[in-house]
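Participant: Here the protein sequences line up with chains A and B, keeping their order. The letter at position 54 of the first sequence is residue 54 when you use UniProt numbering, and the numbering goes up by one with no holes. The letter at position 163 of the second sequence is residue 163 when you use UniProt numbering, and the numbering goes up by one with no holes. Once you've had a glance at the structure underneath, I'll fire off some questions.
2 protein chains.
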Amino acid sequence: MAVHVTQTIHRKSLHDEIVARLRTMIEDGTLQPGQKVPEQALAGQMGISRTPLREALKTLGAEGLLVLRPNRGAVVAVLTEAEIGELFPIIGALEALAAELACATASAEDIAALRDLHETMRAEHARGDEVAYRRTNRTFHARLVDLADNGALRDYYEQLHRRIHAARFILSKAPADWDRAVAEHERIVCALEARDAQSAGQLLREHLSVTAADAMRRALERSRAEE
Amino acid sequence: MAVHVTQTIHRKSLHDEIVARLRTMIEDGTLQPGQKVPEQALAGQMGISRTPLREALKTLGAEGLLVLRPNRGAVVAVLTEAEIGELFPIIGALEALAAELACATASAEDIAALRDLHETMRAEHARGDEVAYRRTNRTFHARLVDLADNGALRDYYEQLHRRIHAARFILSKAPADWDRAVAEHERIVCALEARDAQSAGQLLREHLSVTAADAMRRALERSRAEE
DNA sequence: CCTTTGCATTTTGAATACAATACACAGTAT
DNA sequence: ATACTGTGTATTGTATTCAAAATGCAAAGG
């Protein structure tokens, strides 16, 4: 008699566990850009030996979150302004592609859900709740990428997002920039509703390009202010 | 008196060495898609211990060239038709972006050099030398990406190219497809010469999309023929 | 006082040793 | 015969050990 088990036991491998934990530490700022990643200390804190930790460091290095300097240890990647300027167009191209694909693959309900998120953001914008807006905005863009139904695209998008986020380049918006972003979202959602892939892609490219320019300008102002 | 050394000694780290070597083995087919990567045997052949080899495997895993199955060893990634269908649009979007950027950054000489490559390909096409054409074609596209002057873009492009190449999805072209590819290259070069970023991007997207469709069709025919 | 050099210490890199898991195959029962 | 189970073997995963390189610091020299 065959016995059916409802749930398979899945022990997450230690490697994946360590990788996830290090990613989190970088994402939440426990490990700051430029900071050294001491192998012995970290392995000790995690209760593991250096071997699996080092393997995880290689993975994070390949993802661009760490810089592995031979014989000199790993460091949380520091992105120069130039490198940020390289990454933004790439993530823009990927999101544009996602929008184009989504026009073909997304269901009406999916797009409606995206509009809901947009309306939520509009409300958050209206009441000036930037923290909530940023969270919803991230969900909005992540959802859009999901709608493309392309796993590889999703992987690369998330990887890039983590790199940019780790560099602390997700900044508060100036009021005018914020207004414009909301207006652009409106047009993006409209293009998706119209299944206009060409426009959706173009709008996303422009939206990301503008967002990048705003972020770079704000970063510049911030660094000026520090002097 | 300060002594100036013309060239810094750089011993490539063992890790990088192993990674490069494994990449080559996958690229040239020494390691075939689906094949298992036995740690002990490989480490022995390379004259190293399993530790640095395993670290290299993690890197290749993060790049998508290997699939690391916990407790069950690494396998050279096998791309299903669906996964190939996911990767082609991504590489297309990246090349399109490269073309757009190149319109702004490339010098006239750079573009002229690209046209030379195109003319070379045209000659190779005329005399039916497919091997030479494929090699020049790869150079052409790689050069185009270089012209964008965006290091991160090049890294991601090369990574994707390696994944597709490793899956043995660079196929011989049908005559009609080949004719069309040459014609598309002509238009791409013209758009670059005219510094028409919008057109160049669009042409690249279409070119890659068509190339992908051709490749998928040829692969289907090939698998049919095997039965 | 600043730079350079030598040495002790720390940290990283690689090999080895050990443990845990998966695999192959033979034996057994149905 | 087939499917299950148990056992030995091979392979992967992790810890430990040893070697090599980098770092910090103090002493020597300009």
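Built from N, CA and C at the ideal position, the CB exists for glycine as well.
Mind checking whether residue 56 (chain B) and residue 67 (chain B) have CB atoms under 7 angstroms apart?
Facilitator: Cβ distance not < 7 angstroms, so residue 56 (chain B) and residue 67 (chain B) don't count as in contact.
Participant: Since residue 229 (chain B) is in the beta strand (DSSP E), which residue starts that stretch and which ends it?
Facilitator: The structure shown does not extend to residue 229 (chain B), since chain B spans only 1 to 227, so no value can be given for it.
Participant: Assign residue 89 (chain B) to one of two classes, buried (16 or more other C-beta atoms within 10 Å of its C-beta) or exposed (fewer than that).
Facilitator: By the neighbour-count rule (16 or more Cβ atoms within 10 Å), residue 89 (chain B) is buried.
Participant: Note down, in chain order, all residues in the segment 153–186 of chain B with a beta-carbon under 7 angstroms from any beta-carbon belonging to chain A.
Facilitator: Here the close residues are 153 and 156.
Participant: Which word fits residue 51 (chain A), buried or exposed, when buried means at least 16 other C-beta atoms lie within 10 angstroms of its C-beta?
Facilitator: Classification of residue 51 (chain A): exposed, given that the 10 Å Cβ count is below 16.
Participant: Short of 7 angstroms in beta carbon distance, which residues of its chain neighbour residue 208 (chain B), apart from the five on each side in sequence? Order them along the chain.
Facilitator: Answer for residue 208 (chain B): 88, 91, 92 and 95, listed in chain order.
Participant: State the DSSP-derived secondary structure class of residue 73 (chain B), mapped to helix, strand or coil.
Facilitator: Residue 73 (chain B) falls in the strand class under three-state DSSP.
Participant: Give me the Cβ distance between residue 215 (chain A) and residue 140 (chain A), rounded to the nearest whole Å; I'm assuming they're in contact under 8 angstroms.
Facilitator: With a Cβ gap of about 17 angstroms, residue 215 (chain A) and residue 140 (chain A) do not count as contacting.
Participant: Between residue 58 (chain B) and residue 12 (chain A), how many whole angstroms is the CB-CB distance? I'm expecting something under 8 angstroms.
Facilitator: Incorrect: roughly 16 angstroms between the Cβ atoms, too far for contact.
Participant: Measure how close the beta-carbons of residue 79 (chain B) and residue 167 (chain B) come, nearest whole angstrom, since I'm counting them as under 8 angstroms.
Facilitator: Their Cβ separation, rounded to whole angstroms, is 4 angstroms, which keeps residue 79 (chain B) and residue 167 (chain B) in contact under 8 angstroms.
Participant: Comparing C-alpha positions only, which one of A:20, A:222, A:27 and A:152 sits nearest to residue 82 (chain B)?
Facilitator: Nearest of A:20, A:222, A:27 and A:152 to residue 82 (chain B), Cα basis: A:152.
Participant: Report, in whole angstroms, the separation of the C-beta atoms of residue 99 (chain B) and residue 204 (chain B), which I expect to be a contact under 8 angstroms.
Facilitator: Confirmed, about 5 angstroms.
Participant: Rounded to whole angstroms, what's the CA-CA distance from residue 198 (chain A) to residue 179 (chain A)? Just pull it up for me.
Facilitator: When rounded, the distance between both Cα atoms is 24 angstroms.
Participant: For the segment 55–113 of chain A, list the beta strand (DSSP E) runs that are entirely contained and at least 3 residues long, ordered along the chain.
Facilitator: Complete beta strand (DSSP E) runs here, min 3: 66–69 and 73–76.
Participant: Output needed for residue 2 (chain B): all residues of its chain with C-beta closer than 6 angstroms, excluding positions within five of it in sequence on either side, in chain order.
Facilitator: Note that residue 2 (chain B) has pLDDT 49, beneath the 50 cutoff, so the model's placement of it is unreliable and the number below is only indicative. The answer is none, since no qualifying residue turns up.
Participant: Kindly indicate if chain B contains any beta-carbon less than 7 angstroms away from that of residue 59 (chain A).
Facilitator: Yes, contact with chain B.
Participant: Spell out whether any CB of chain B is found under 7 angstroms from the CB atom of residue 70 (chain A).
Facilitator: Cβ-Cβ to chain B under 7 angstroms: yes for residue 70 (chain A).
Participant: So, does the segment 100–111 of chain A touch the segment 175–194 of chain A, judging by three or more C-beta pairs under 8 angstroms?
Facilitator: Flag = yes, the segment 100–111 of chain A and the segment 175–194 of chain A touch.
Participant: Can you pull the chain B residues whose beta carbon is under 8 angstroms from the beta carbon of residue 23 (chain A), in chain order?
Facilitator: Correct list: empty, because the minimum Cβ distance to chain B is about 12 angstroms.
Participant: Output yes if chain B places a C-beta closer than 7 angstroms to the C-beta of residue 97 (chain A); else output no.
Facilitator: For residue 97 (chain A), the answer is yes, since a Cβ of chain B falls inside 7 angstroms of its Cβ.
Participant: Could you check how far apart the C-beta atoms of residue 145 (chain A) and residue 133 (chain A) are, in whole angstroms? I think they sit under 8 angstroms.
Facilitator: About 19 angstroms; that fails the 8 angstroms criterion.
Participant: Taking buried to mean at least 16 other C-beta atoms within 10 Å of its own C-beta, is residue 173 (chain B) buried or exposed?
Facilitator: Its Cβ being crowded by 16 or more others within 10 Å, residue 173 (chain B) is buried.
Participant: Just the Cα atoms here: how many angstroms apart are residue 171 (chain B) and residue 121 (chain B)?
Facilitator: Answer to the nearest angstrom: the Cα atoms are 17 angstroms apart.
Participant: What span of residues does the alpha helix (DSSP H) with residue 169 (chain B) cover, start to end?
Facilitator: Premise fails: residue 169 (chain B) is in no alpha helix (DSSP H) and is neither H nor E.
Participant: Give me, in chain order, the residues of the same chain whose beta-carbon lies closer than 6 angstroms to that of residue 74 (chain A); leave out the 5 immediate sequence neighbours on both sides.
Facilitator: The residues are 37, 57, 66 and 68.
Participant: What number of angstroms, rounded off, separates the C-alpha of residue 217 (chain B) from the C-alpha of residue 85 (chain B)?
Facilitator: C-alpha separation (whole angstroms): 11 angstroms.
Participant: Within a Cβ cutoff of 6 angstroms, which residues of the same chain sit near residue 184 (chain B), ignoring the five residues on either side of it in sequence?
Facilitator: Cβ within range, chain order: 207.
Participant: Apply the 10 Å Cβ neighbour rule to residue 137 (chain B) and answer buried if 16 or more other Cβ atoms are within range, or exposed otherwise.
Facilitator: So residue 137 (chain B) counts as buried.
Participant: Find out if the Cβ-Cβ distance for the pair residue 189 (chain A), residue 118 (chain A) is shorter than 7 angstroms.
Facilitator: Yes, these two residues count as a Cβ contact at 7 angstroms.
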